[in-house]
Amino acid sequence: MLLERLSEHCVFAFLPELEPVWGAISVLSGERVHTLCTEIYGAEQLAVWRRKYSFLFETYAAISEHCNLSILDYLLDLPLEDISVGALREIVLAEPPEEFVWRQLSLGYFCKDADKETLRKALTDDTALDTAYGWVADRCGSFLAFAAFVRQSERFITEFFSLAADMQTPALEAALEQQRSKIERMYTTVCEGSKENEPLAFSQELMGKTFRNRGPYAEFVFLPSYLLPMRACRFFDTEGEHKRQLLFLTLRQFSRNREDKVKALKAIADPTRYQILTLLAQEGPMRGMDIAKKVSVATSTISHHMEQMKECGLITEEPVKNAKYYGLSQQSAKALLDEIAKDFEIVL
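In the numbering used here, the protein residues as written are 24 to 371.
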């Protein structure tokens, strides 16, 4: 663990123990962003884990459109010096089942009719379970998987952290050791950037987006990660004990190949998606339901468009309480334009 306070409000931390957690999320998501887990562990080992944790993989696949990375949001409840996979596992398992499910599926955001009392009853009552499934049926194609997630959340949590534990291997340690120079470079970047800019503005610059929730935060923590399945990921809390922002930043270098660039251009070429990107550029972060009203399409249709643009890295996603805000990834959009200009030998 590397934990260094850069100023009164800024901390730089590299927490290698969390890498298997990010690895588990990446594998469960089908390695859509990178294939580092296959490179580190091998396809055969990943297949073994899929068989060993079939309940986890099948359940996650069914609820993945609803399930974000909120399981790591629990890190905000821990003092920085106490963060570990074991401590994270304990605090998640201590959460009442209905609270865990509510938080993971963002039910307060996705369905106005959802309520925690019905969800609590759904743990044992089939009628209540039917009602609860109605909240997510348009985005979760398996009633049985949803029921398993609601009624066997402890098993889901236990298998998730068991998979993460299995991924803590010498091979991972060796891969992380090879990232030492990149960690040092990021440390220098954060040191210089946090001195030259106000922490929130610097965080926005690193993520290439304008934040919907702007604090105030008592502490800004910058955390490099190798297996992070995205460019950056932000967790924040303005009401809890710590009132801080955790900003995870990838150590990987991003460069689109020809196929990726064509995929991004196809995403932009769709009239509705182009309208959404333009709207986000003009208005800043917005909720899916508000975007749907602006462009006159169904909320479920917006979700489909967002998923395609997320895969291309064109938009960002930020949970704020029970809502999820989407924004234009200015950093990614600029990089795409620069790459196209270079390919076409255009001087901008």
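Where a beta carbon is used, it is the ideal one built from N, C-alpha and C, also for glycine. This structure is a prediction, so every number in the text was calculated from the model and none was measured.
The DSSP assignment places complete beta strand (DSSP E) segments of no fewer than 3 residues inside the stretch 227-251 at 242-248, in order along the chain. The beta-carbon distance between M190 and G65, rounded to whole angstroms, is 12 Å. This is too long to meet the 8 Å contact definition. For G350, the pairing in a beta bridge is given by DSSP as T339. Counting the other Cβ atoms within 10 Å of the Cβ of S204 gives fewer than 16, which makes it exposed. Looking at the backbone, the Cα of A85 and that of E54 are separated by about 16 Å. Contact annotation, L98 with F258: C-beta distance approximately 6 Å; criterion of less than 8 Å satisfied.
For L51, the CB contacts under 6 Å within the same chain, skipping 5 residues up- and downstream, are Y83 in chain order. Taking C-alpha positions only, D148 is separated from C33 by approximately 48 Å. Put simply, the stretch 313-329 touches the stretch 293-305. At least three CB pairs are less than 8 Å apart.
The shortest CA-to-CA distance from Q268 to any of V115, E341 and R162 is the one to E341.
Here A36 is bridged, per DSSP, to L26. Under the criterion of beta carbons closer than 8 Å, T141 and A160 do not qualify as touching, at roughly 15 Å.
Secondary structure in the stretch 307-332: the alpha helix (DSSP H) runs of 4 residues or longer, each lying completely within the stretch, are 311-318 in chain order. For A194, the closest C-alpha among the options E330, Q68, S49 and Q331 is that of Q68.
Looking at the DSSP output, T273 bridges to S248. Closest in C-alpha terms to E113, from the list A290, E177 and S165, comes E177. Under the criterion of beta carbons closer than 8 Å, R235 and Y348 qualify as touching, at roughly 4 Å. According to the DSSP secondary-structure assignment, A255 is paired through a beta bridge with L272.
The stretch 145-230 is shown to contain no whole beta strand (DSSP E) run of 3 or more residues. H327 is the residue among D313, R74 and H327 whose C-alpha sits nearest the C-alpha of A290. For the 8 Å CB-CB criterion, L116 and I63 do not form a contact. DSSP, read as helix, strand or coil, puts R55 in coil. Closest in alpha carbon position to D105, among Q175, L25 and R73, is L25. With fewer than 16 other CB atoms across the displayed protein chains lying within 10 angstroms of its CB, D361 is exposed.
Of the residues assessed, F184 falls on the buried side of the cut-off, its CB having 16 or more other CB atoms within 10 angstroms.
Straight-line spacing of the CA atoms in D293 and A287 works out to 10 Å. Here the alpha carbon of A36 sits roughly 12 Å from the alpha carbon of E242.
Within the DSSP secondary-structure output, R267 pairs in a beta bridge with E242. Contact annotation: Q353 and K232 have beta-carbon atoms nearer than 8 Å. The residue among P308, E196, P119 and E282 with its C-alpha nearest the C-alpha of Q175 is P119.
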